[in-house]
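Notes to accompany the following structure.
In this note's numbering, the protein residues as written are 5 to 180.
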């Protein structure tokens with residue numbers, strides 16, 4: 005009986021997985037600047053470590069642009085099933101370079117914030133110490149995949165496209 009209930013619960017979760025995610029970065033509402041001071045400092049020091057881009061690179065929130073980069077399209081963000089079953093949600097703060105063609109390069113996660121919405125289920129109850137690490141790695145992997153395949157309109161300065169370093173939060177939320 006317990007196995008049947010666990011199976012029914014896991015089937016229900018797999019159906020809900022498709023609807024479990026609230027994506028913040030749709031349309032014009034995307035915020036490509038880092039409000040986190042530590043992340044902003046890391047972005048500001050980025051050009052010094054990439055000499056190829058010195059003098060031509062713009063950093064969102066620091067440099068003046070005529071037109072900021074805009075997210076045009078992205079693949080669906082996948083909420084990892086194991087992490088959903090464990091009850092975790094979180095936010096990944098990610099940065100990357102949007103080049104003059106609108107593709108992304110040099111993608112890096114700056115921070116992952118986790119919270120557990122409900123207790124662990126099934127096999128996760130036995131190994132609860134590794135759950136936060138598993139959730140952080142899963143969210144990081146999915147955020148990087150989404151950002152890597154996203155298509156942007158590049159930033160413009162003086163009517164020319166410029167490579168722009170952007171930062172964006174990607175939320176993984178369970179709808180209650």
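Each residue gets a CB set at the ideal place from its N, CA and C atoms; glycine is no exception.
Remember, predicted model here, so these are calculated numbers, not experimental data.
*So, do the region 144–162 and the region 79–88 have three or more beta carbon pairs nearer to each other than 8 Å?*
yes
*Please list the segments of the alpha helix (DSSP H) lying wholly inside the region 51–94, counting only runs of 4 or more residues, in order along the chain.*
85–90
_Burial state of residue 47, where buried means 16 or more other Cβ atoms lie within 10 Å_ = Working through the chain shown from its first residue, we reach residue 47 at position 43. Under this definition residue 47 is a buried residue.
_Assigned secondary structure, residue 164 (DSSP; H/G/I helix, E/B strand, else coil)_ = Your numbering for residue 164 matches position 160 in the chain shown. Correct three-state label for residue 164: strand.
*Apply the 10 Å Cβ neighbour rule to residue 100 and answer buried if 16 or more other Cβ atoms are within range, or exposed otherwise.*
Within the chain shown, the letter at position 96 stands for residue 100. It counts as buried.
_Helix, strand or coil at residue 106 according to DSSP, with G and I counted as helix_ = Within the chain shown, residue 106 is the residue found at index 102, counting from 1. Reduced to three states, the DSSP call for residue 106 is coil.
*Nearest candidate by alpha-carbon position, reference residue 62, set 117, 103, 80*: One-based indexing of the chain shown puts residue 62 at position 58. With distances taken between Cα atoms, residue 62 lies closest to 103.
*asked:* Any contact between the region 156–176 and the region 63–77? By contact I mean 3 or more CB pairs, one from each, below 8 Å.
replied: yes
*When DSSP labels each residue in this structure, what does residue 148 get in the three-state scheme?*
Along the chain shown, read from residue 1 onward, the residue named residue 148 stands at position 144. If DSSP states are grouped into helix, strand and coil, residue 148 belongs with the helices.
_Using a 10 Å radius around the Cβ and a threshold of 16 neighbouring Cβ atoms, would you call residue 137 buried or exposed?_
For the purposes of this step, residue 137 is identified with residue 133 of the chain shown, where counting begins at 1. Exposed, by the Cβ-count rule.
*Just grab the DSSP bridge partners of residue 101 for me.*
Numbered from its first residue, the chain shown carries residue 101 at position 97. 109, 169.
*DSSP three-state call for residue 134: helix, strand or coil?*
One-based indexing of the chain shown puts residue 134 at position 130. Looking at residue 134 - three-state DSSP - the assignment turns out to be coil, as it is neither helix nor strand.
*asked:* Suppose the cutoff is 6 Å on Cβ atoms and the five residues either side in sequence are ignored; what does the same chain contact list for residue 18 look like?
replied: Start at 1 with the first residue of the chain shown, and residue 18 comes out as number 14. Residue placement at residue 18 is poorly supported in this model, since its pLDDT is 34, which falls under 50; the coordinates are not used for a value here.
*By Cβ distance below 7 Å, which residues in the same chain neighbour residue 120 in space, the five residues on each side in sequence not counted?*
In the chain shown, the residue the question calls residue 120 occupies position 116. Taken in chain order, the residues that qualify are 91, 92.
*Throw me the rounded Cβ distance for the residue 115 and residue 40 pair, which I believe falls under 8 Å.*
Position 111 of the chain shown, counting from 1, holds the residue named residue 115. Position 36 of the chain shown, counting from 1, holds the residue named residue 40. Going by Cβ atoms, the distance from residue 115 to residue 40 rounds to 7 Å, so yes, they are a contact pair.
*Just reading off the beta strand (DSSP E) that residue 157 is part of, what are its end residues?*
Taking the chain shown and counting its residues from 1, one reaches residue 157 at position 153. That run of the beta strand (DSSP E) goes 155–157.
*Below 8 Å between beta carbons: does that hold for residue 177 and residue 70?*
Taking the chain shown and counting its residues from 1, the one referred to as residue 177 is at position 173. Taking the chain shown and counting its residues from 1, the one referred to as residue 70 is at position 66. Not in contact: residue 177 and residue 70 (Cβ atoms no closer than 8 Å).
*If we count the other Cβ atoms within 10 Å of its Cβ and call it buried at 16 or more, is residue 80 buried or exposed?*
Residue 80 sits at position 76 when you count from the first residue of the chain shown. The residue in question, residue 80, is exposed, as its Cβ has fewer than 16 Cβ neighbours within 10 Å.
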